[in-house]
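In our numbering, the protein residues as written are 3 to 351.
Even for Gly, the Cβ is constructed at its ideal location relative to N, Cα and C.
Computed from a predicted structure; not experimentally measured.
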């Protein structure tokens, strides 16, 4: 386990150092008339996109060329289904015409130039990353389950590595907080834990997608928890909401709305907590890298090279913390989901 983490840390450090060095070299060769503004760069890296951008390079003439993977664009407009690759937008510099419909990419969003409303079903960067994480989950967990059945529950190889984590989630999170009826919710909560964990870890790799730092993703995860909790609620659960025990009748007009509002604030807190923690980590790392370019603008090339080692070391430190946060946020989301479900199914004593 320790050897695996050490190798993982070194890979992350090497990737960050190499990408940082490439960015520094590119920036130091360019004389800019305006001060470097890190905000657009940082926000562009953490938001979703219609292509998977890695980096830019310059040719001999000084023209920048992006290195990216084009993703499918799927649009339903005015009764027509238009499918094409995002490369046709030429990174926002070109418009795409399909029949009487013309599309353009504006601030990462596709719009129809004549004002027609459209439904966007495109495979964006985050969607592609979720497909990758789902495939990895299948590759890791399905063979593990088959090996358990084949070996009569005796772990081996990958199963031996995963077993402490699986047992921890099963016994210390799900079973402890839900109780006797935990087996009904075991597949959902186990899937949520590993889905969040694997996307948190993949998001630490430079150039990867910020899936769990996207509020739409955390909204769907928390909404599913809300639906499961609401459907599972028994008579005792709803009784505590609409007729809190031990509360005087005069206070019911105050307490009932508060209890009812709590049904929605709990999943809302789940959504914001995961989104804010993951996004904050990405923003800090990118901001530390941006210090190199800010120093270059203020102090020249010597200032940039002087700040670079300190900046990269701090990035390494934050990245190590982010590995802990990746596990911690998966744990907290699963724990609170289990607590909410447990509150909904607990029987009256």
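By the neighbour-count definition (other C-beta atoms within 10 Å, threshold 16), residue 82 is an exposed residue. Inclusion of residue 124 and residue 76 in the CB contact set at 7 Å is warranted, their separation being smaller than that value.
Scanning the region 127 to 193 for uninterrupted alpha helix (DSSP H) segments of 4 residues or longer gives 127 to 152, 160 to 169, listed from N- to C-terminal end.
Separation of residue 169 and residue 236 (C-alpha to C-alpha, rounded to the nearest whole angstrom) is 28 Å. Under the three-pair Cβ rule at 8 Å, the region 207 to 215 does not count as touching the region 248 to 266.
When 227, 128, 54, 49 are compared, the shortest CA-CA separation from residue 92 is found for 54. In the structure shown, residue 201 adopts helical secondary structure according to DSSP, grouped into three states.
One alpha carbon belongs to residue 308, the other to residue 68, and they sit about 28 Å apart.
The three-state secondary structure of residue 239, taken from DSSP, is helix. In the structure shown, residue 44 adopts helical secondary structure according to DSSP, grouped into three states.
Secondary structure of residue 58 (DSSP, three-state): strand. Here residue 48 has 212, 215, 281, 284, 285 as same chain residues with Cβ atoms under 7 Å from its own Cβ, once five neighbours each way along the sequence are excluded. When secondary structure is reduced to three states using DSSP, residue 38 falls in the coil class, being assigned neither helix nor strand.
The DSSP-derived three-state label of residue 67 is strand. A distance below 8 Å between beta-carbons, with the five flanking residues on each side excluded, links residue 104 to the following residues of its chain, in chain order: 97, 98, 114, 115, 116.
The alpha-carbon separation between residue 196 and residue 142 amounts to approximately 10 Å.
The DSSP-derived three-state label of residue 122 is strand. Excluding five sequence positions before and after residue 107, the CB atoms of its chain that fall closer than 7 Å to its own CB belong to 52, 91, 94, given in chain order. It is roughly 10 Å from the alpha-carbon of residue 87 to the alpha-carbon of residue 71. Membership of residue 268 in the alpha helix (DSSP H) is indicated by the continuous run 254 to 301.
Excluding sequence positions up to five before and after residue 343, its CB lies within less than 7 Å of the CB of 180, 187, 230, 231, 234, all in the same chain and listed in chain order. Judged by DSSP secondary structure, residue 86 falls within the beta strand (DSSP E) whose first and last residues are 82 to 87. Following the DSSP letters along the chain, one finds residue 113 inside the beta strand (DSSP E) bounded by residues 111 to 114. Non-local C-beta neighbours of residue 340 in its own chain, meaning closer than 7 Å and more than five positions away in sequence, comprise 175, 176, 179, 180, 191, ordered along the chain. Beyond the five residues adjoining it in sequence on each side, residue 217 comes within less than 6 Å, by CB distance, of 277 in the same chain, given in chain order. Ranked by Cα distance from residue 201, the options 38, 241, 330 are led by 330.
By the CB criterion at 7 Å, residue 80 and residue 118 fall inside the cutoff. Residue 323 and residue 58 have their alpha carbons spaced roughly 28 Å apart.
Linking residue 166 to residue 50 through their CA atoms gives a straight-line distance of about 34 Å.
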